[in-house]
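Enquirer: Our numbering applies: residue 6 is where the sequence shown begins, and numbers increase by one.
Ideal Cβ placement from N, Cα and C applies to all residues, glycine included.
The structure follows.
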Amino acid sequence: MQKREILIYAYEYTNFYHEKYNNIDLDAPWEEFPVTTKQEIAHGGLSVVSSQYFSKLGGSDIISDYTSGSTGEYMETYTTKAEQKKSMLSLWLYRKKYYGIDTSSKLCYFFTFHRGGERSEFEYRKNGLGISKEFLTEDNLEEIFEEIYRFEPQWMLLQPSVAMILARYLFETGTEPIPSLKYIELSGEMFTEQQGNFIGRAFQVLVASQYGCNEMGTIAYQCPCGSLHVMEHNVHVEILNNGHPVEEEEDGNIIVTAKNNLVMPLVKYNTGDIGRFRKVQCKCGNRGAVIQLKGARKDDLVMMDDGTAISASFFHRVFQEVQWGIEGRIFQYRVEQEEIDVFVVSVATDEEQGKIESLFCQSIKTTRLSHATFQFRYYRYLLPEKQTGKLKFFICNAGKD
Ligand SMILES: [Zn+2]
6 MQKREILIYA YEYTNFYHEK YNNIDLDAPW EEFPVTTKQE IAHGGLSVVS SQYFSKLGGS
66 DIISDYTSGS TGEYMETYTT KAEQKKSMLS LWLYRKKYYG IDTSSKLCYF FTFHRGGERS
126 EFEYRKNGLG ISKEFLTEDN LEEIFEEIYR FEPQWMLLQP SVAMILARYL FETGTEPIPS
186 LKYIELSGEM FTEQQGNFIG RAFQVLVASQ YGCNEMGTIA YQCPCGSLHV MEHNVHVEIL
246 NNGHPVEEEE DGNIIVTAKN NLVMPLVKYN TGDIGRFRKV QCKCGNRGAV IQLKGARKDD
306 LVMMDDGTAI SASFFHRVFQ EVQWGIEGRI FQYRVEQEEI DVFVVSVATD EEQGKIESLF
366 CQSIKTTRLS HATFQFRYYR YLLPEKQTGK LKFFICNAGK D
């Protein structure tokens, strides 16, 4: 379906979009339709579900799921098996084409428990080995790897923070990489190029980034040339600033219209991510537009003492500068703003602590946070947070009780 057809469908079959677009001519230019926020959808209840599917709710055709955002807020999503299959189709085609992976390939992944349920460390499925993120601690790494070797996966679907912990285990213990493994797909969190390279080298396999969200599946997928291509069979992507499209190579909000969601249409849906269209013609043959993510989300904001806020993404630059100045490695980092002028910096590194701190402070001096206090804490690993199952690189607690 084309984006306009999806919009008209959403208007005709959901109360939410009917109200949202009530005062707009359906033939009006695309730009005139307002963006839909995650919060609107999360609070929309059944008004965001197509009335065509009301009678099927609760039946076996409809799959509903709770997904948690990076803020920990829950959203209920609805889809059908057929829609899910359609939304995954092009991802599977490219997995096969680029990395030789198909639905029969043996997969290893990590899972989070959101709601009750029986807890166990491992879950075994046809072609799949799942490992609980709660079980992922330093003490259990040897057992986890034994289980992975025994299972002989061909590929792994991992969050970057989890992949970093596993990669370090291989790197630091000198353990042989998994012989059966040929590919790792990273998804669910931002990661730096250095982290991606480190994971690829430790496992000695190809690594690709898959960018998506639970609400609509894959938005973009990285080809072997390193470009993150928009999955145009599944989504229509626009990058907007104050509602207007930005130029190529200019950052804006990533707004997505889902092409395979009629049960719960998502039209001009703000992903909360920031990125840009790249001006590149990729050699891989995929003509899909190439995007680049900024490495910080829209709500990753540092509060300043004058009431303004700046993107936390500059911490990536600060840590990049620290990395350039040391022999060792910064494996992971997280910054928490506790008060306007007080930050807690958590680092997993094999470098001398004093060296990290002096380089960090040197780099911070050139930023607007030159007067702030930074408290450093060192951990062997930074593990995903229990509630969301993800690891955020920046958290602002300032101004919250
Ligand atoms: Zn490409």
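Skipping 5 residues on each side, what residues in its chain have a beta carbon closer than 7 Å to that of Ser95?
Expert: Met236, His238, Asn239
Enquirer: Only counting the same chain, and skipping five residues up and downstream in sequence, which positions put a Cβ closer than 7 Å to that of Phe324?
Expert: Ile335, Tyr338
Enquirer: Considering Cα atoms alone, identify which of Thr178, Pro165, Gly257 is closest to Glu198.
Expert: Pro165
Enquirer: Can you tell me where the alpha helix (DSSP H) holding Trp329 begins and where it ends?
Expert: 319-329
Enquirer: Pair every Cβ in the segment 135-144 with every Cβ in the segment 103-118, then say whether three or more of these pairs are closer than 8 Å.
Expert: The answer is yes - the segment 103-118 touches the segment 135-144, with three or more Cβ pairs under 8 Å.
Enquirer: Anyone know if the C-beta pair for Asn20 and Ser52 falls short of 7 Å?
Expert: yes
Enquirer: Where do the N-terminal and C-terminal ends of the alpha helix (DSSP H) with Ile148 fall, by residue?
Expert: Sequence inspection shows Glu at residue 148; the Ile mentioned does not correspond to that position. Here the alpha helix (DSSP H) through Glu148 covers 146-156.
Enquirer: Just to check, is the beta-carbon of Ser232 closer than 6 Å to a non-hydrogen atom of ligand 1?
Expert: yes
Enquirer: Is it the case that the CB of Cys228 approaches a heavy atom of ligand 1 more closely than 6 Å?
Expert: yes
Enquirer: Below 7 Å between beta carbons: does that hold for Gly231 and Ile259?
Expert: no
Enquirer: Can you tell me the Cα-Cα spacing of Lys61 and Lys102, whole angstroms?
Expert: Roughly 36 Å separates the two Cα atoms.
Enquirer: Using only the alpha-carbon positions, how far apart do Trp35 and Pro250 sit?
Expert: 11 Å
Enquirer: Whose CA, out of Phe59, Ile361, Tyr104, Gly312, lies closest to the CA of Gln159?
Expert: Tyr104
Enquirer: Excluding the five sequence neighbours on either side, which residues of its own chain have a C-beta within less than 8 Å of the C-beta of Lys395, listed in chain order?
Expert: Ser75, Gln164, Ser166, Gly193, Glu194, Pro389
Enquirer: Count the other CB atoms, across all protein chains shown, that sit within 10 Å of the CB of Gln286; report buried if there are 16 or more and exposed otherwise.
Expert: exposed
Enquirer: Measuring only from the beta carbon, is Asn219 closer than 6 Å to any heavy atom that is part of ligand 1?
Expert: It does not: the Cβ of Asn219 is nowhere closer than 6 Å to a heavy atom of ligand 1.
Enquirer: Between the Cα of Lys86 and those of Arg100, Tyr79, Ile106, Ser65, spot the shortest distance and give me the residue it belongs to.
Expert: Of the listed residues, the one whose Cα sits closest to Lys86 is Ser65.
Enquirer: What does DSSP give as the partner residue(s) for Asn258 in the beta ladder?
Expert: According to DSSP, which records beta bridges pairwise, Asn258 is partnered with Leu245, Ile279.
Enquirer: Quickly, what does DSSP pair Ser192 with across the bridge? List them, please.
Expert: Bridge partners of Ser192: none, in fact.
Enquirer: May I ask you to check if the CB of Cys2 is nearer than 6 Å to at least one heavy atom of ligand 1?
Expert: What the structure shows of the chain is the stretch from 6 to 406, and residue 2 is not part of that stretch, so it cannot be assessed.
Enquirer: Give me, in chain order, the residues of the same chain whose beta-carbon lies closer than 6 Å to that of Tyr16; leave out the 5 immediate sequence neighbours on both sides.
Expert: Tyr22, His23, Tyr26
Enquirer: Between the Cα of Thr354 and those of Phe365, Ser368, Tyr384, Thr378, spot the shortest distance and give me the residue it belongs to.
Expert: Tyr384
Enquirer: Select from Phe319, Gly293, Glu326 the residue whose C-alpha is nearest the C-alpha of Val242.
Expert: Gly293
Enquirer: By Cβ distance, which residues of its chain are closer than 7 Å to Lys360, with the 5 residues on each side in sequence left out?
Expert: Ile331
Enquirer: DSSP state of Ile11, grouped into three classes?
Expert: DSSP places Ile11 in the helix class (H, G or I) of the three-state scheme.
Enquirer: Look at the Cβ atom of Glu341, then the Cβ atom of Val347, and state whether they are nearer than 7 Å.
Expert: no
Enquirer: Do Gln209 and Met169 have their C-beta atoms closer together than 7 Å?
Expert: Between Gln209 and Met169, the gap from beta carbon to beta carbon reaches 7 Å or more.
Enquirer: Thr313: buried (16+ other C-beta within 10 angstroms of its C-beta) or exposed?
Expert: exposed
Enquirer: Please give the ranges of any alpha helix (DSSP H) in the segment 6-81, keeping only runs that are unbroken, at least 4 residues long and fully inside the region.
Expert: 8-18, 20-25, 43-48
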